[in-house]
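Quick note, the sequences are listed as chains F and C, same order.
Here the UniProt record's numbering is used: the first residue of the first sequence is 1, the next is one more, and so on.
Here the UniProt record's numbering is used: the first residue of the second sequence is 1, the next is one more, and so on.
There are 2 protein chains.
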Amino acid sequence: MNHNASPATPGSPSGRRRGRGALGSSPVQRVQRPAPLRQAVYDALVELIINGTLKPGQHLVELELAELLGVSRQPVREALQRLQTEGWVDLRPAQGAFVHLPTEAEADQLLGVRSVLETYSARLAAQQADAQDVERLWELQREGERALADDDVDGLVSTNARLHAFITELSGNAVLAELIALVDRRVRWYYTPIARPRGHDSWAEHAELIRAIAAGDADTASQVMNRHTERTRQTYHERRTAAGDENTSG
Amino acid sequence: MNHNASPATPGSPSGRRRGRGALGSSPVQRVQRPAPLRQAVYDALVELIINGTLKPGQHLVELELAELLGVSRQPVREALQRLQTEGWVDLRPAQGAFVHLPTEAEADQLLGVRSVLETYSARLAAQQADAQDVERLWELQREGERALADDDVDGLVSTNARLHAFITELSGNAVLAELIALVDRRVRWYYTPIARPRGHDSWAEHAELIRAIAAGDADTASQVMNRHTERTRQTYHERRTAAGDENTSG
DNA sequence: CCCTGGGCTTTTGCATACGAAAGTCTGTAT
DNA sequence: ATACAGACTTTCGTATGCAAAAGCCCAGGG
């Protein structure tokens with residue numbers, strides 16, 4: 001997923017006809033319809049925001065972004081519209097776009113919303129999952145436990161994400177899945193500095209959750225997921241507080 | 001709205017006319033930023049979609065919309081971006097925008113999501129509401145019961161919406177409030193043809209809910225709201241089925 | 001009769017142009 | 001030195017222009 005814009009000036013063809021600049025050559029081009037540039041711009045900007053190149057509060061000048069990505073202002077503007085709706089940037093009339101600067105309260109609210117959405121998805125998943133799905137869940141669980149044993153942090157994060165995503169998918173509720181994906185991405189962004197996996201406890205909870213889903217016990221699955229996500233929320237809160245103390249003391 | 005009627009005369013910057021500093025010092029400088037056209041276009045299109053002028057599945061030609069609204073294609077395109085993100089239209093690359101055509105499954109999924117979100121908002125509201133808030137809730141409740149007694153359907157719908165909105169506001173979770181607002185608008189659109197209020201039962205449930213909130217009993221408030229929204233969902237489902245039968249039989 | 005393909009029309013996607021608003025700087029008067 | 005007014009600069013918001021993709025129509029062949 002690394003389609004970063006090259007730092008060098010994109011040798012702008014700029015003679016009359018457009019050339020696809022730094023973007024446009026996505027590794028995933030299996031789609032019949034070539035994705036419009038605005039989509040590539042959107043992807044690039046989300047990436048730049050998440051990886052911190054574009055910092056919260058920063059003013060995004062359309063022309064700069066356009067040149068950085070080797071396109072004109074128009075696709076940038078269209079991407080910004082979407083980014084605003086999804087909460088990544090704020091658009092102030094006649095002033096332009098600013099990378100959204102989340103307050104502490106907002107970040108926590110987002111965690112709360114994610115918690116209830118994931119809890120609901122666990123409930124639905126318990127009602128939907130068949131034996132094959134459950135087998136896949138255990139597979140992911142084993143993978144996570146292996147990563148845990150190996151101290152493989154990246155693997156842990158990735159497996160955790162895939163496990164939750166699979167449960168969401170199992171829910172069979174596409175609207176829910178979309179919302180969770182969006183909220184989750186924002187949560188991860190806000191909490192990037194402290195987003196280490198919780199480790200053993202977390203995976204014990206996962207196992208409990210999978211058992212409930214396997215049993216088709218929606219109430220238990222819901223309860224377990226709720227506890228799980230609320231603990232994650234609590235952990236984040238503690239770590240943020242600790243980080244804040246460190247900052248104020250040092 | 002077309003403010004480019006006169007021929008362009010490049011060369012004179014003409015930055016002279018500015019209406020700000022000429023007048024004396026007014027102590028109150030109410031700087032009201034004019035909403036961009038794209039906002040007006042967005043509002044207009046949502047209205048046209050909700051009121052059925054633009055029908056589900058219909059192809060929206062940018063130029064037609066632009067002429068209809070008296071603007072150029074550009075603000076229309078930007079509005080369409082937002083409309084897509086919010087689920088009102090589908091944007092197909094190189095084909096344009098189509099008014100979103102919800103499947104039955106999707107509509108029901110939205111009701112499910114709305115249900116959990118509102119349930120969560122009731123839980124939070126119960127933890128947050130003070131005596132004054134509760135008084136306001138009872139006020140709305142009385143207003144609803146009056147409308148019920150008067151067979152005032154519009155008043156019933158409006159008061160119901162305000163009651164739910166107030167509870168959402170009481171939750172103190174802005175992220176949640178935004179999501180609910182969005183989901184709710186789509187739900188109302190989908191179910192417009194059958195969206196009569198449920199009437200008496202519904203308001204009895206409201207009263208029960210308010211009592212729980214007044215008592216600060218978050219668990220009960222949550223439970224009651226969940227039952228309430230799930231019943232609404234069930235009612236919609238029944239009505240849709242009935243309407244579908246009528247259609248197929250006639 | 002149905003399928004097919006090549007030109008014509010429509011519509012999108014992107015680029016560019018330009019007026020206007022917001023922000024910035026500078027010189028002057030107090 | 002400070003505060004303010006006015007120009008200067010930057011950036012936004014919108015309109016317009018143009019090439020390419022998609023859709024359409026109709027003639028010709030299986």
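Every residue, glycine too, gets a C-beta built ideally from N, C-alpha and C.
Owing to the predicted nature of the structure, the values given are computational and were not obtained by experimental measurement.
{"Asked": "Using a Cβ-Cβ cut-off of 8 Å (strictly less than) and excluding sequence neighbours within five positions of L63 (chain F), which residues of its own chain qualify?", "Found": "R73"}
{"Asked": "Step through the CB atoms of chain C and report whether any lies within less than 9 Å of the CB of R136 (chain F).", "Found": "no"}
{"Asked": "With a floor of 3 residues, list each beta strand (DSSP E) that falls wholly inside the UniProt domain \"HTH gntR-type\" (35 to 102) of chain C, ordered by position along the chain.", "Found": "89 to 92 and 96 to 99"}
{"Asked": "For S171 (chain C), which of helix, strand or coil comes out of DSSP?", "Found": "coil"}
{"Asked": "Going along the chain, which residues of the UniProt domain \"HTH gntR-type\" (35 to 102) of chain C sit with their C-beta nearer than 7 Å to a C-beta in chain F?", "Found": "A35, P36, R77, E78, Q81, R82, T85, E86, P93 and A94"}
{"Asked": "Is there a C-beta anywhere in chain F that falls below 9 Å from the one on P193 (chain C)?", "Found": "no"}
{"Asked": "Counting only runs that start and end within the stretch 146 to 227 of chain C, where is the alpha helix (DSSP H) found for 4 or more residues in a row?", "Found": "153 to 170, 174 to 190 and 200 to 214"}
{"Asked": "Is the number of C-beta pairs between the stretch 171 to 179 of chain C and the stretch 102 to 117 of chain F that are closer than 8 Å three or more?", "Found": "yes"}
{"Asked": "Can you tell me whether A105 (chain C) is buried or exposed, with buried defined as 16 or more other CB within 10 angstroms of its CB?", "Found": "exposed"}
{"Asked": "Can you find the residues in the same chain that come closer than 8 Å, C-beta to C-beta, to P197 (chain C), ignoring five residues on each side of it along the sequence?", "Found": "V153, L156, V157 and N160"}
{"Asked": "Of all the options C:L148, C:L182 and C:Q132, which has the alpha carbon lying nearest to the alpha carbon of I210 (chain C)?", "Found": "C:Q132"}
{"Asked": "Suppose you measure from the CA of E143 (chain C) to the CA of L137 (chain C); what does that come to, to the nearest Å?", "Found": "10 Å"}
{"Asked": "In the structure shown, what three-state DSSP assignment does D130 (chain F) receive?", "Found": "coil"}
{"Asked": "For the 8 Å Cβ check, are there 3 or more pairs between the stretch 84 to 97 of chain C and the stretch 193 to 208 of chain C?", "Found": "no"}
{"Asked": "Within this structure, are the beta carbons of E205 (chain C) and V224 (chain C) separated by less than 9 Å?", "Found": "yes"}
{"Asked": "Suppose you measure from the CA of Q128 (chain C) to the CA of E169 (chain C); what does that come to, to the nearest Å?", "Found": "10 Å"}
{"Asked": "Hey, does A174 (chain C) have any beta-carbon neighbour from chain F nearer than 9 Å?", "Found": "yes"}
{"Asked": "Taking only beta-carbon positions, decide if E230 (chain F) is within less than 9 Å of chain C.", "Found": "no"}
{"Asked": "Please check the pair A126 (chain C) and I213 (chain C), which I expect to be a contact at CB under 8 Å, by giving their CB distance rounded to whole angstroms.", "Found": "5 Å"}
{"Asked": "Taking 9 Å as the CB-CB cut-off, is T119 (chain F) touching chain C?", "Found": "yes"}
{"Asked": "May I have the straight-line CA-CA distance separating G70 (chain C) from G199 (chain F), to the nearest angstrom?", "Found": "58 Å"}
{"Asked": "Can you find the residues in the same chain that come closer than 8 Å, C-beta to C-beta, to P36 (chain C), ignoring five residues on each side of it along the sequence?", "Found": "P75"}
{"Asked": "E230 (chain C) and S115 (chain C): beta carbons closer than 9 Å?", "Found": "yes"}
{"Asked": "For V187 (chain F), go through chain C and note every residue whose CB falls closer than 9 Å to its CB, in chain order.", "Found": "Result: empty, since nearest Cβ-Cβ is about 10 Å, beyond 9 Å."}
{"Asked": "Short of 6 Å in beta carbon distance, which residues of its chain neighbour E78 (chain C), apart from the five on each side in sequence? Order them along the chain.", "Found": "R38"}
{"Asked": "Does any residue of chain F bring its CB to less than 9 Å from the CB of E106 (chain C)?", "Found": "yes"}
{"Asked": "I want to see whether chain C comes within less than 9 Å of Q223 (chain F), judged by CB atoms only; does it?", "Found": "no"}
{"Asked": "With C-beta atoms as the reference, is V46 (chain F) less than 9 Å away from L83 (chain F)?", "Found": "yes"}
{"Asked": "Could you pull out every residue in the same chain whose Cβ sits closer than 6 Å to the Cβ of G24 (chain C), ignoring the five residues on either side in sequence?", "Found": "With a pLDDT of 28 at G24 (chain C), under the threshold of 50, the modelled position of this residue cannot be trusted; read the value that follows with caution. No residues qualify anywhere along the chain."}
{"Asked": "Whose Cβ in chain C lies nearer than 7 Å to the Cβ of Q109 (chain F)?", "Found": "N173, A174, V175 and L176"}
{"Asked": "Please determine, among F:K55, F:G96 and F:I180, the residue with the shortest C-alpha to C-alpha distance to P102 (chain F).", "Found": "F:K55"}
{"Asked": "Output the distance between the C-alpha atoms of N51 (chain F) and E135 (chain C), rounded to the nearest integer angstrom.", "Found": "47 Å"}
{"Asked": "Do you know whose CA, among C:Y120, C:R162 and C:T235, lies nearest D217 (chain C)'s CA?", "Found": "C:Y120"}
{"Asked": "Taking the C-alpha atoms as reference points, what is the distance between V41 (chain F) and R233 (chain C)?", "Found": "39 Å"}
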